[in-house]
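Engineer:
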Amino acid sequence: RKEVEQDPGPFNVPEGATVAFNCTYSNSASQSFFWYRQDCRKEPKLLMSVYSSGNEDGRFTAQLNRASQYISLLIRDSKLSDSATYLCVVNRDNYGQNFVFGPGTRLSVLP
Amino acid sequence: NAGVTQTPKFQVLKTGQSMTLQCAQDMNHNSMYWYRQDPGMGLRLIYYSASEGTTDKGEVPNGYNVSRLNKREFSLRLESAAPSQTSVYFCASSSTGGGADTQYFGPGTRLTVL
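The listed protein sequences derive, respectively, from chains A and B.
Mapped onto this note's numbering, the consecutive letters of the first sequence carry residue numbers 39 to 149.
Mapped onto this note's numbering, the consecutive letters of the second sequence carry residue numbers -2 to 111.
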């Protein structure tokens, strides 16, 4: 079993739709959680960190469920520019060399 | 600020050839990383450098060597390229090397080994 698992998609949604991605992780000792965004043939960029209490940044909401070991990302009012691959990233401890990247979920927002 | 830069952007090698991938950051970050990204898999850590003067192996170090030339530069060398090393290589840096740090990535090098 992979340490971080994601549904690869693709998720094809119309503009304006709400879409949610889940990610599960296997290491219960994991400390930090993130969503990164990767555009086609580009580098990953941080979208948002995920906090225990949940957090929101504009149209994006991230949730963490430590008991069930999953992280979610909700995108409201999808835009064409949201089309990308979303990477779930987990840090095993407090060291930068221990980030574990999920394989990503591909989102296509259609006009 | 250029952020993290990598050269070259593309490279084709024959089996057995060697090459060095260059990476530089201008954010005064302490920690730097080399990852590879293969289809259907998450990024995997090849080597990292927690601070200037130190380097350590990551998850998939076989077939690679690194040099932390100074605080800005971190290079990755393939001594004898193999087709299994065909991949996209990303260099990244982070401020302190902590687990909550944002990792900033370079644009990547697409390497094909024939």
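Built from N, CA and C at the ideal position, the CB exists for glycine as well.
Do residue 51/A and residue 110/A count as a contact pair if the criterion is CB distance below 8 Å?
Structural biologist: The residue you call residue 110/A lines up with position 72 of the first sequence. The residue you call residue 51/A lines up with position 13 of the first sequence. Not a contact, by the Cβ cut-off of 8 Å.
Engineer: Label residue 59/B either buried or exposed according to how many other C-beta atoms from any shown protein chain fall within 10 Å of its C-beta, with 16 as the threshold for buried.
Structural biologist: For the purposes of this step, residue 59/B is taken as residue 62 along the second sequence, with counting starting at 1. That one is exposed.
Engineer: Taking 8 Å as the threshold (beta carbon to beta carbon), is residue 110/A in contact with chain B?
Structural biologist: Translated into the one-based positions of the first sequence, residue 110/A becomes position 72. It does not: the Cβ of residue 110/A has no partner Cβ on chain B nearer than 8 Å.
Engineer: Suppose you measure from the CA of residue 99/A to the CA of residue 122/A; what does that come to, to the nearest Å?
Structural biologist: Mapped onto the first sequence, residue 99/A falls at position 61. Mapped onto the first sequence, residue 122/A falls at position 84. Going by the C-alpha atoms only, they are around 17 Å apart.
Engineer: Where do the N-terminal and C-terminal ends of the beta strand (DSSP E) with residue 44/B fall, by residue?
Structural biologist: Counting from 1 along the second sequence, the entry for residue 44/B is found at position 47. Note, residue 44/B: beta strand (DSSP E), 41 to 46.
Engineer: Taking 7 Å as the limit between beta carbons, can you name the residues of its chain near residue 66/A, skipping five residues before and five after?
Structural biologist: Position 28 of the first sequence holds residue 66/A. The answer, listed in chain order, is 107.
Engineer: Cβ of residue 139/A less than 8 Å from any chain B Cβ?
Structural biologist: In the first sequence, residue 139/A corresponds to position 101, counting from 1. Cβ-Cβ to chain B under 8 Å: yes for residue 139/A.
Engineer: Does any C-beta atom of chain A lie closer than 8 Å to the C-beta of residue 104/B?
Structural biologist: By one-based count along the second sequence, residue 104/B stands at place 107. Closer than 8 Å: yes.
Engineer: Measuring only the C-alpha atoms, how far is residue 71/B from residue 54/A?
Structural biologist: As a first step, residue 71/B must be located in the second sequence, where it is residue number 74. As a first step, residue 54/A must be located in the first sequence, where it is residue number 16. Approximately 43 Å, taken between the alpha carbons.
Engineer: Alpha carbon to alpha carbon, how far is residue 103/A from residue 90/A?
Structural biologist: As a working note, residue 103/A is residue 65 in the first sequence. As a working note, residue 90/A is residue 52 in the first sequence. So the alpha carbons of these two residues sit roughly 7 Å apart.
Engineer: Whose C-beta lies closer than 6 Å to the C-beta of residue 62/B among residues of the same chain, with five residues either side of it excluded?
Structural biologist: Looking up residue 62/B in the second sequence gives position 65. Cβ neighbours of residue 62/B beyond the five flanking positions: 74.
Engineer: Give the residues of chain B in contact with residue 69/A, contact being defined as C-beta atoms less than 9 Å apart.
Structural biologist: Sequence index remark: in the first sequence, residue 69/A carries index 31 (1-based). Chain B residues near residue 69/A: 96 and 97.
Engineer: Measure from the C-beta of residue 40/B to each C-beta in chain A and report whether the shortest distance is under 8 Å.
Structural biologist: In the second sequence, the residue the question calls residue 40/B occupies position 43. It does: the Cβ of residue 40/B has a partner Cβ on chain A nearer than 8 Å.
Engineer: Could you tell me the alpha carbon to alpha carbon distance between residue 124/A and residue 118/A, rounded to whole angstroms?
Structural biologist: For the purposes of this step, residue 124/A is taken as residue 86 along the first sequence, with counting starting at 1. For the purposes of this step, residue 118/A is taken as residue 80 along the first sequence, with counting starting at 1. Computed Cα separation, rounded: 15 Å.
Engineer: Could you check whether the Cβ of residue 22/B sits closer than 8 Å to any Cβ belonging to chain A?
Structural biologist: Position 25 of the second sequence, counted from the first residue, corresponds to residue 22/B. With 8 Å as the cut-off, residue 22/B does not count as an interface residue toward chain A.
Engineer: Could you check which residue in 105/A, 49/A, 79/A and 113/A has the C-alpha nearest to that of residue 152/A?
Structural biologist: Examination of residue 152/A is not possible in this model, given that chain A is present from 39 through 149 alone.
Engineer: Distance check for residue 28/B and residue 133/A, CA to CA, integer angstroms please.
Structural biologist: For the purposes of this step, residue 133/A is taken as the residue at position 95 of the first sequence. For the purposes of this step, residue 28/B is taken as the residue at position 31 of the second sequence. Residue 133/A and residue 28/B: Cα-Cα distance of roughly 10 Å.
Engineer: Check the Cβ-Cβ distances between residue 129/A and every residue of chain B, and say whether any is below 8 Å.
Structural biologist: By one-based count along the first sequence, residue 129/A stands at place 91. Residue 129/A counts as touching chain B.
Engineer: Which of the three DSSP states, helix, strand or coil, is assigned to residue 101/A?
Structural biologist: Taking the first residue of the first sequence as 1, we reach residue 101/A at position 63. Strand, per DSSP.
Engineer: Compute the beta-carbon to beta-carbon distance between residue 131/A and residue 96/B, rounded to the nearest angstrom, for a pair I have assumed lies under 8 Å.
Structural biologist: Taking the first residue of the first sequence as 1, we reach residue 131/A at position 93. Taking the first residue of the second sequence as 1, we reach residue 96/B at position 99. Confirmed, Cβ separation roughly 6 Å.
Engineer: Establish whether the CB of residue 81/A and some CB of chain B are separated by less than 8 Å.
Structural biologist: Looking up residue 81/A in the first sequence gives position 43. With 8 Å as the cut-off, residue 81/A counts as an interface residue toward chain B.
Engineer: I'd like to know if residue 96/A contacts chain B, where contact means its C-beta is closer than 8 Å to some C-beta of that chain.
Structural biologist: To locate residue 96/A, count along the first sequence from 1; it is residue 58. Closer than 8 Å: no.
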